[in-house]
Amino acid sequence: MNRRVVITGSGFFSPLGNSAREVITAMEENRTAFERPGFDPDLVVAPVADFNLKTHTGRYKNARYLNRGAAFGVAAALRAVKAAGLSEGMLENAGLFVGAGPNLDLGHGVDDGLSALWILNFLPNTAASAIAALAGIHGESTTMSTACATTVQVVGEAFQKVRLGGLDIALAGGGDSRINPGAALAYKMAGALCTEPGDPSRVHRPFDRSRRGFVIGEGGGFVVLEALDHALKRGAPILAEVAGFGASMDGGNMTAPATSGRWMEKAVRKALTQAELLPADIDLVSAHGTGTQLNDGMEATLLARLFPGKSPRIMALKSWIGHLSTACGVVELAIGISLMARKFIPAVRNLEAPCASGLDFVRENRKIAFDTLLLQNFGFGGQNGALVVKKWTE
Amino acid sequence: MDNFKRVRHTLAEILDLDEGEILPESYLVRELDAESIDLLEVALALSTEFGIEVRDDEIFLKNLRILIADAGENGVDPVVAIVENLPHIQEKRAGEMVADLADGPVLQVRDLVAYVGHCCQ
Chain A
169 MNRRVVITGS GFFSPLGNSA REVITAMEEN RTAFERPGFD PDLVVAPVAD
219 FNLKTHTGRY KNARYLNRGA AFGVAAALRA VKAAGLSEGM LENAGLFVGA
269 GPNLDLGHGV DDGLSALWIL NFLPNTAASA IAALAGIHGE STTMSTACAT
319 TVQVVGEAFQ KVRLGGLDIA LAGGGDSRIN PGAALAYKMA GALCTEPGDP
369 SRVHRPFDRS RRGFVIGEGG GFVVLEALDH ALKRGAPILA EVAGFGASMD
419 GGNMTAPATS GRWMEKAVRK ALTQAELLPA DIDLVSAHGT GTQLNDGMEA
469 TLLARLFPGK SPRIMALKSW IGHLSTACGV VELAIGISLM ARKFIPAVRN
519 LEAPCASGLD FVRENRKIAF DTLLLQNFGF GGQNGALVVK KWTE
Chain B
45 MDNFKRVRHT LAEILDLDEG EILPESYLVR ELDAESIDLL EVALALSTEF
95 GIEVRDDEIF LKNLRILIAD AGENGVDPVV AIVENLPHIQ EKRAGEMVAD
145 LADGPVLQVR DLVAYVGHCC Q
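Chains as they are written, first to last, in the numbering used here: chain A, 169 to 562; chain B, 45 to 165.
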């Protein structure tokens, strides 16, 4: 029998802040962390300010083996565990699902003096190893890497395991940082980055006709997924219910999405079917909304086909926090459930001339309740993932 | 800076400890919780810091128990065997190691200091 699955803990680090209060305050003040990096003034990036892993771990000698993205993931996992009211010994049988991208910070650990095990800075499952040791997790663990769909898929896979009874508790999430010369060069050469001059807070325009690419962000997030009966039994805080998940492959171009959005739609419809919801039941879409011509064009086409007649509200969190690469899904989820709890929907920033009509892109910050959230992310390689989350009610 | 201070600084960095917690008599494994991967880092860091070739088996006394067992089988005084095979260890310290062996790994910070001092001679 399929079990209901709820989110009982969440922790995240984002360029806009590290708590619901910080993020929503910044949104209300129309404030972003977009700036031009010292290593390439053509670009705009969104860094996380004042991050120190050891604030969260205490003394931790293995910190040297965590690249910046992995460190965000580890710190977020510890915060999620704490928020879920889980203490030492309660996670022995928990599952651990981690997302990681390629560490493209190629100079780190080489230019600064090699450590004997510098390879650990580049192995994708080093964050999982650290989290398991710090949180006392001895259940199953998988580290996934599916480009920008990574952490929505990580949460989805963990959700399926709990739903089918394989686990009572699963941690899911990850961290990523591409704010370094190696990663920036890679994306710049791929033509995906916004290189427009001018005010850094104005250059990123998801779904606008004049959109010019994405802004590199960084951060990390984790959620604790738990079987509803298990969560109720221990009196856990319940933040939201995960109702459905779907994934698919384009099976086409390695970087460009299929323009029709046909295969992305397959992932979204799978998630809706599993959630036993119709498109019309969705209140809010958290779009992938990278601000590239290709993604947003495809996504608008997909949304128009999915929601004929009446569009749900559509937000694009990357216009606030930048693109967190593999970590975007879980951080957008963590922020999304915070917005659900606080009845707040942020505007798609800098959207002046929408690239499609008939879609309800949120143009101004709104204090308004929503009960169902569709989160979608699409990655290089043609990786697609979608998650349906509901306000939890008994 | 004397060798002890330089070794202490290296250990503090790698083991994420305050320098004040590290004494010449501190046991690396028993007290400072050094694990095998930490020792890999210590060896590399000391070789860089002092410009020496660090041999893991010698600096970390990896073959000490085998050395002592072989000495016993061959009727050789274990203290003599240690001093002959590990020239950075003085006779008095070798005697302490033999007496201390039953309580766990005997490696102390001062043994690392002796090793780098010997290599730098």
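Ideal placement from N, C-alpha and C gives every residue a C-beta, glycine not left out.
Nothing here was measured: the structure is a model prediction, and the numbers come from that model.
Asked	Found
Contact with chain A by residue 82 of chain B, beta-carbon distance below 8 Å	yes
Paired residues, beta bridge with residue 551 of chain A - DSSP	A/417 and A/547
Contact test: residue 353 of chain A Cβ vs the ligand ATP heavy atom, cutoff 7 Å	This structure does not include the ligand ATP; it has no bound ligands of any sort.
Option in A/514, A/381 and A/491 with minimal Cα separation from residue 465 of chain A	A/381
Inter-residue spacing [alpha-carbon to alpha-carbon] between residue 132 of chain B and residue 161 of chain B	8 Å
Residues that residue 75 of chain B contacts on chain A, provided the C-beta gap is smaller than 8 Å	Simply none; closest approach about 14 Å.
Neighbour list for residue 199 of chain A in chain B, Cβ cutoff strictly below 7 Å	Near residue 199 of chain A there are no residues of chain B at all, since even the closest Cβ is about 35 Å away, more than 7 Å.
Alpha-carbon to alpha-carbon, residue 424 of chain A and residue 462 of chain A	7 Å
Where residue 321 of chain A falls: helix, strand or coil (DSSP)	helix
Contact list for residue 284 of chain A against chain B, beta-carbon separation under 8 Å	81, 84, 85, 87 and 88
Residue 228 of chain A versus B/89, B/101, B/56 and B/134, residue with shortest Cα-Cα distance	B/56
Contacts around residue 207 of chain A, its chain only, beta-carbon distance under 8 Å, and the 5 residues preceding and following it disregarded	348, 349 and 352
Which of helix, strand or coil DSSP assigns to residue 203 of chain A	strand
CA nearest to the CA of residue 143 of chain B, picked from B/159, B/47, B/121 and B/164	B/121
For residue 237 of chain A, the nearest candidate out of A/200, A/210, A/293 and A/264 (CA to CA)	A/293
Cβ separation of residue 516 of chain A and residue 493 of chain A, assumed to be a contact under 8 Å, to the nearest whole Å	Contact flag wrong, Cβ pair sits at about 20 Å.
Within the stretch 275-313 of chain A, ranges of the beta strand (DSSP E) (whole runs, at least 3 residues)	309-312
Residue 518 of chain A beta carbon less than 8 Å from that of residue 398 of chain A	no
Segment contact flag, the stretch 306-325 of chain A with the stretch 540-557 of chain A, C-beta cutoff 8 Å, min 3 pairs	yes
Local Cβ density within 10 Å of residue 90 of chain B, reported as buried at 16 or more and exposed below that	buried
Residues that residue 227 of chain A contacts on chain B, provided the C-beta gap is smaller than 8 Å	60 and 61
Candidates A/550, A/250 and A/191, of which the one nearest residue 417 of chain A by Cα	A/550
Spatially closest choice to residue 151 of chain B from B/54, B/118 and B/76, by CA coordinates	B/76
Minimum length 4: unbroken alpha helix (DSSP H) runs contained in the stretch 458-526 of chain A	461-474, 486-489 and 496-510
Touching by the beta-carbon criterion (3+ pairs, under 8 Å), the stretch 323-332 of chain A and the stretch 250-261 of chain A	no
Which residues DSSP lists as bridging residue 577 of chain A, in chain order	The requested residue 577 of chain A does not occur in the structure, where chain A is confined to residues 169 to 562.
Three-state secondary structure (DSSP) of residue 90 of chain B	helix
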